[in-house]
Amino acid sequence: MYDDADCVLCRVIEDGTYVVWRDDLVAVILNAFPYTSGHVMVLPVRHVGEVEEIAHDEVAPLWAAVAKAVVAIKAGYSPDGLNMGANIGRVAGAGIPGHFHVHVLPRWGADTNFMTSVAEARVLPEALPSSLERLRKAWPA
22 MYDDADCVLC RVIEDGTYVV WRDDLVAVIL NAFPYTSGHV MVLPVRHVGE
72 VEEIAHDEVA PLWAAVAKAV VAIKAGYSPD GLNMGANIGR VAGAGIPGHF
122 HVHVLPRWGA DTNFMTSVAE ARVLPEALPS SLERLRKAWP A
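One gets our numbering by counting positions in the sequence shown from 1 and adding 21 to each.
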């Protein structure tokens, strides 16, 4: 069981449906509201909201998982580039400020989904289950 039953990210990890990969310390999940196909979030399994609260033994596995997410996204999507980052606090853009996570997402020269432009809508070329399958197949050993 996870530390915060009200945390949507803890529930996603526990449910497992959108988990690309996980171990005891770190999980990689699909973003349910992606900016583009292949948008994942890398996070500690333990419910922790602030970067300075991440335990020493979680730091290296977290960043190793970020690197593996980059490898999987490059293998699965052949993007022209990637965005990677964390929003700390609501004023910084964190939609879920209570559980630290790093966004990793592919980008292409002509993509249009990164910024919502009309009626808060984004058009994704791939359904979430297809993204999940693609990333799981591309996940490095």
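No residue lacks a Cβ here, since even glycine has one placed at the ideal position from N, Cα and C.
Because the structure is a prediction, the values reported are computed rather than measured.
When you compare the CB positions of residue i and residue j, do they come within less than 8 Å of one another, or not?
| i | j | result |
| --- | --- | --- |
| H68 | H124 | no |
| V47 | V66 | yes |
| L103 | P127 | yes |
| L168 | L149 | With the chain covering 22 to 162 only, the question about residue 168 has no answer from this structure. |
What does the alpha-carbon distance come out to for the pair residue i and residue j?
| i | j | result |
| --- | --- | --- |
| A96 | C28 | 31 Å |
| A107 | V49 | 14 Å |
| H122 | E147 | 23 Å |
| G37 | S151 | 15 Å |
| W42 | D101 | 24 Å |
| D45 | S99 | 29 Å |
Please classify residue i: is it buried, with 16 or more other beta-carbons within 10 angstroms of its beta-carbon, or exposed?
| i | result |
| --- | --- |
| K158 | exposed |
| M105 | exposed |
Helix, strand or coil for residue i? Go by DSSP, reduced to three states.
| i | result |
| --- | --- |
| L156 | helix |
> Of all the beta strand (DSSP E) runs that stay within the bounds of the segment 53–107, which reach a length of 3 or more residues?
Replying inline: 61–65 and 102–106
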